[in-house]
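If you count by this note's numbering, then the sequence shown holds residues 130 to 586, one letter each, in order.
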Amino acid sequence: MIDMIAKINGIINGFVWGPIMLTLLVGTGIYLSIQTGFLQITKIPLWVKYTFGALAKKQDADDNITPFQAVSTALASTVGTGNIAGVTTAIIAGGPGALFWMWFAAFFGMVTKYSEVILAVHYRVKDSAGHNHGGPMYYISKGANLPWLGSIFAAFAALACFGAGNMTQTNAMAGVIYQNFGVPHIVTGIVVVILTAIIIIGGIRRIATVTEKLVPVMCVIYILSGIAILVMNFDKVPGALQRIFSEAFSLKQVGAGFMGYTIMMGIKFGFARGVFSNEAGLGTAPMAHGASNSKNPVEQGLWGIFEVLIDTFFVCTLTGLIAIIFLETNQGTKLNGAELISASFGSNFGQVGSIILTVSLVLFAFSTFVGWSHYGIVALGYLTNRNKVASYLYRIIFLIVGIIGAVSQLDLIWAIADTLNGLMAIPNLIGLLILSPKIAQLTRDYMKDPNYTRMKD
């Protein structure tokens with residue numbers, strides 16, 4: 130039975146991560162970049178002003194979450210174990226040039242995510258309690274006038290949350306804590322679930338309150354530690370960068386970056402996880418942004434560019450450089466994934482390095498677990514008209530599955546999660562393409578004001 134499921138999943142996975150998916154993913158990002166005048170480059174002062182420039186400003190709170198809480202919730206689910214294990218796997222499978230193709234996809238993914246957030250805020254709905262709800266299912270249904278496709282997205286999202294955002298995360302936490310501290314997997318699973326239950330029972334506002342404090346801490350810890358490693362190995366950095374660019378255009382790397390989805394299975398999975406580390410095009414982040422109290426779709430959309438910048442160009446780049454340098458120094462090593470990065474941290478910082486990496490992995494995985502629980506609740510809420518009984522039942526099942534994930538072998542679960550992620554992205558990307566004129570219009574209308582003043586709600 131398990132073999133049959135694995136075979137069927139492999140067939141579906143080969144389709145959703147094949148040429149069609151690649152064309153939809155990268156092609157949508159390129160098309161939207163053209164439609165918006167490549168604002169990730171041409172409007173750098175604007176999006177820096179409303180993202181980095183807004184970090185120190187006090188944001189008004191009401192019954193909904195603030196714009197920064199929305200981006201923190203989105204980043205909490207985006208910056209996960211894939212930023213460490215996924216990037217390292219991609220580099221080992223496809224060589225250092227794979228990191229270049231991550232940057233390539235992320236450059237266009239900035240506008241893809243910007244577009245998702247704009248539509249989520251523009252087409253969001255407000256319930257009787259005054260709470261905002263948004264996401265691909267809403268803009269596909271209301272904007273593209275395809276409610277059946279919106280329901281398909283919501284169904285895939287509700288199911289995908291049990292894989293990539295749940296079992297794989299608790300398993301990663303349990304594994305690294307057992308490896309470094311000898312704590313049994315089941316104990317870690319139970320503790321994580323109890324902590325998560327306390328958070329998610331309070332709804333999106335409590336989730337956002339936690340993530341706005343957790344995300345900056347976990348990103349700073351990892352980024353500063355990664356920079357320190359690069360400084361300590363500064364003489365090897367130029368060589369690593371040279372290999373990234375030179376090997377990106379070799380025959381092997383072109384295969385890894387563009388044709389590997391259908392030709393080389395190992396490269397396909399590694400590169401796919403690297404590309405989707407920022408979740409641009411997946412449709413998850415809009416569900417967090419749609420709950421914000423932002424009155425301007427464009428200004429909230431600029432946070433989407435910020436998310437990709439932090440996730441791929443900061444966190445993934447650090448991981449990639451650390452991995453390349455370690456592989457160059459320790460040729461013939463059999464280490465892969467998080468184990469390789471852990472070894473690098475340990476060789477540079479000793480026992481303290483292992484602890485830092487463990488803390489980073491746990492925070493990454495825990496934040497992803499919490500963030501994806503919200504996505505599942507939003508998706509199910511769309512399908513059940515926000516039925517409270519269904520919502521609480523989903524929370525309970527989500528937590529139970531988390532414990533199961535902590536003590537399970539997850540090869541098949543990981544594979545199914547990859548498939549569901551791809552299936553979830555397809556209706557979202559179709560919706561973005563259909564609504565591209567609306568995205569361009571909203572962007573143009575906003576840019577017409579030379580002072581970038583706020584648009585009326």
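Glycine is no exception: its CB is placed at the ideal position from the N, C-alpha and C atoms.
Since the structure is predicted, the reported quantities are computational estimates derived from the model, not experimental observations.
Open item on the list: I need the boundaries of the alpha helix (DSSP H) containing E408, first residue and last residue.
Closed with: On the sequence shown, position 279 is the one that residue 408 refers to. Here E408 belongs to no alpha helix (DSSP H), and DSSP marks it neither H nor E.
- [ ] Apply the 10 Å Cβ neighbour rule to W277 and answer buried if 16 or more other Cβ atoms are within range, or exposed otherwise.
- [x] As a position in the sequence shown, residue 277 is number 148, starting the count at 1. Per the 10 Å Cβ criterion, exposed.
Open item on the list: DSSP three-state label for K255, please.
Closed with: Here residue 255 refers to the residue found at position 126 when the sequence shown is read from its first residue. Reduced to three states, the DSSP call for K255 is strand.
Task: Status (buried if at least 16 other CB within 10 Å, exposed otherwise) for R253 - done: For the purposes of this step, residue 253 is taken as residue 124 along the sequence shown, with counting starting at 1. The residue in question, R253, is buried, as its Cβ has 16 or more Cβ neighbours within 10 Å.
Task: Terminal residues of the alpha helix (DSSP H) in which C348 lies - done: Counting from 1 along the sequence shown, the entry for residue 348 is found at position 219. Unbroken alpha helix (DSSP H) run through C348: 332 to 361.
TODO: Please determine, among A214, F478, A286, the residue with the shortest C-alpha to C-alpha distance to I358.
DONE: Sequence index remark: in the sequence shown, residue 358 carries index 229 (1-based). The shortest C-alpha separation from I358 is found at F478.
Open item on the list: Rounded to whole angstroms, what is the Cα-Cα separation between N138 and T171?
Closed with: Start at 1 with the first residue of the sequence shown, and residue 138 comes out as number 9. Start at 1 with the first residue of the sequence shown, and residue 171 comes out as number 42. Those two C-alpha atoms are separated by around 42 angstroms.
Task: L571 to N425 span [Cα, whole Å] - done: Within the sequence shown, residue 571 is the residue found at index 442, counting from 1. Within the sequence shown, residue 425 is the residue found at index 296, counting from 1. Cα-Cα distance, rounded: 10 angstroms.
TODO: Helix, strand or coil for G465, going by three-state DSSP, please let me know.
DONE: Mapped onto the sequence shown, residue 465 falls at position 336. Checking the sequence shown, residue 465 turns out to be Asn, not Gly. Looking at N465 - three-state DSSP - the assignment turns out to be coil, as it is neither helix nor strand.
Task: Every unbroken alpha helix (DSSP H) inside the region 213 to 237 [4 residues or more] - done: 214 to 223
Open item on the list: Here's a check: name, in chain order, each residue in its chain whose Cβ is nearer than 7 angstroms to the Cβ of A214, leaving out the five neighbours to either side.
Closed with: Here residue 214 corresponds to residue number 85 of the sequence shown, with the count starting at 1. G466, A467.
Open item on the list: Measuring straight from C-alpha to C-alpha, what distance separates V366 and M553?
Closed with: Counting from 1 along the sequence shown, the entry for residue 366 is found at position 237. Counting from 1 along the sequence shown, the entry for residue 553 is found at position 424. Their Cα atoms are separated by approximately 37 angstroms.
Open item on the list: Among the candidates L154, T165, G147, T152, whose CA atom is the shortest distance from the CA of D574?
Closed with: The residue you call residue 574 lines up with position 445 of the sequence shown. Closest by alpha carbon: T165.
TODO: Counting only the same chain and skipping the five closest in sequence on each side, list residues whose C-beta sits under 6 angstroms from that of L288.
DONE: Your numbering for residue 288 matches position 159 in the sequence shown. Excluding sequence neighbours, L288 sits near L549.
Open item on the list: So, for I315: in the same chain, excluding its five sequence neighbours on each side, which residues have a beta-carbon less than 6 angstroms away from its beta-carbon?
Closed with: Translated into the one-based positions of the sequence shown, residue 315 becomes position 186. Excluding positions up to five away in sequence, the list reads V536.
Open item on the list: Strictly by DSSP, which residues pair up with I194?
Closed with: Within the sequence shown, numbered from 1, the residue matching residue 194 stands at position 65. The partner list for I194 (beta bridge, DSSP) reads S421.
Task: C-beta atoms of G292 and G531 nearer than 8 angstroms - done: In the sequence shown, the residue the question calls residue 292 occupies position 163. In the sequence shown, the residue the question calls residue 531 occupies position 402. Not in contact: G292 and G531 (Cβ atoms no closer than 8 angstroms).
- [ ] Given a cut-off of 8 angstroms, decide if I434 and K104 are closer than it, judged by their beta-carbon atoms.
- [x] The structure shown does not extend to residue 104, since the chain is modelled only from 130 through 586, so no value can be given for it.
TODO: Let me know if F368 comes out buried or exposed under the rule of 16 or more other beta-carbons within 10 Å of its beta-carbon.
DONE: Your numbering for residue 368 matches position 239 in the sequence shown. The amino acid at residue 368 is misidentified as Phe; the sequence shows Gly. Exposed: under 16 other Cβ atoms inside 10 Å.
TODO: Report whether the distance from the Cβ of G430 to the nearest heavy atom of the ligand FAD is below 7 angstroms.
DONE: Absence of the ligand FAD is noted for the structure shown, with no ligands found whatsoever.
Open item on the list: Could you compute how far the alpha carbon of T325 sits from the alpha carbon of H260?
Closed with: By one-based count along the sequence shown, residue 325 stands at place 196. By one-based count along the sequence shown, residue 260 stands at place 131. Approximately 22 angstroms, taken between the alpha carbons.
TODO: Using a threshold of 8 angstroms, state whether the C-beta atoms of G560 and A286 are closer than that.
DONE: Stepping through the sequence shown from its first residue, residue 560 is reached at position 431. Stepping through the sequence shown from its first residue, residue 286 is reached at position 157. In this structure, A286 does not lie closer than 8 angstroms to G560 by Cβ.
- [ ] Compare the beta carbon distance of I373 and T202 with 8 angstroms and say whether it is the shorter of the two.
- [x] Stepping through the sequence shown from its first residue, residue 373 is reached at position 244. Stepping through the sequence shown from its first residue, residue 202 is reached at position 73. No, the pair does not count as a contact, with Cβ atoms beyond the cut-off.
Open item on the list: Using only the alpha-carbon positions, how far apart do L153 and A409 sit?
Closed with: Locating residue 153 in the sequence shown gives position 24, where the first residue counts as 1. Locating residue 409 in the sequence shown gives position 280, where the first residue counts as 1. Straight-line Cα distance between these residues: approximately 12 angstroms.
- [ ] Specify the secondary structure class of H262 as computed by DSSP and reduced to three states.
- [x] In the sequence shown, counting from the first residue as 1, residue 262 sits at position 133. Strand, per DSSP.
Open item on the list: If the criterion is Cβ atoms closer than 8 angstroms, does the pair T195 and S421 meet it?
Closed with: Taking the sequence shown and counting its residues from 1, the one referred to as residue 195 is at position 66. Taking the sequence shown and counting its residues from 1, the one referred to as residue 421 is at position 292. Contact flag set, yes.
Open item on the list: Taking the straight line between their C-alpha atoms, what separation do you get for T210 and F495?
Closed with: Taking the first residue of the sequence shown as 1, we reach residue 210 at position 81. Taking the first residue of the sequence shown as 1, we reach residue 495 at position 366. If you take the alpha carbons of T210 and F495, they lie about 10 angstroms apart.
Open item on the list: I need the straight-line Cα distance from S244 to P313, nearest angstrom please.
Closed with: On the sequence shown, position 115 is the one that residue 244 refers to. On the sequence shown, position 184 is the one that residue 313 refers to. The alpha-carbon atoms of S244 and P313 are separated by roughly 43 angstroms.
Open item on the list: Restricting to Cα atoms, I'd like to know which of L447, S473, I545, Y504 is closest to M416.
Closed with: Translated into positions along the sequence shown, residue 416 becomes position 287. Selected option, being the one with the closest Cα: Y504.
Task: Distance CB(Q198)-CB(E428) smaller than 8 angstroms - done: As a position in the sequence shown, residue 198 is number 69, starting the count at 1. As a position in the sequence shown, residue 428 is number 299, starting the count at 1. Not closer than 8 angstroms, so no.
Task: F310 classed as buried or exposed, judged by whether at least 16 other C-beta atoms fall within 10 angstroms - done: Here residue 310 refers to the residue found at position 181 of the sequence shown. The residue is exposed, with fewer than 16 neighbouring Cβ atoms inside 10 Å.
Task: C-beta contact flag for M347 and F455 at 8 angstroms - done: Within the sequence shown, the letter at position 218 stands for residue 347. Within the sequence shown, the letter at position 326 stands for residue 455. No. Outside cutoff.
TODO: State the start and end residues of the unbroken alpha helix (DSSP H) segment that holds L288.
DONE: Locating residue 288 in the sequence shown gives position 159, counting from the first residue. Looking at the DSSP string, the run of the alpha helix (DSSP H) that includes L288 is 276 to 289.
TODO: Report yes if the C-beta distance between I485 and F498 is below 8 angstroms; otherwise report no.
DONE: Against the sequence shown, residue 485 aligns to sequence position 356. Against the sequence shown, residue 498 aligns to sequence position 369. No, the pair does not count as a contact, with Cβ atoms beyond the cut-off.
TODO: Look at the Cβ atom of L135, then the Cβ atom of A544, and state whether they are nearer than 8 angstroms.
DONE: What you label residue 135 is simply residue 6 of the sequence shown in a count that begins at 1. What you label residue 544 is simply residue 415 of the sequence shown in a count that begins at 1. The question names Leu, but residue 135 is Ala in the sequence shown. Contact flag set, yes.
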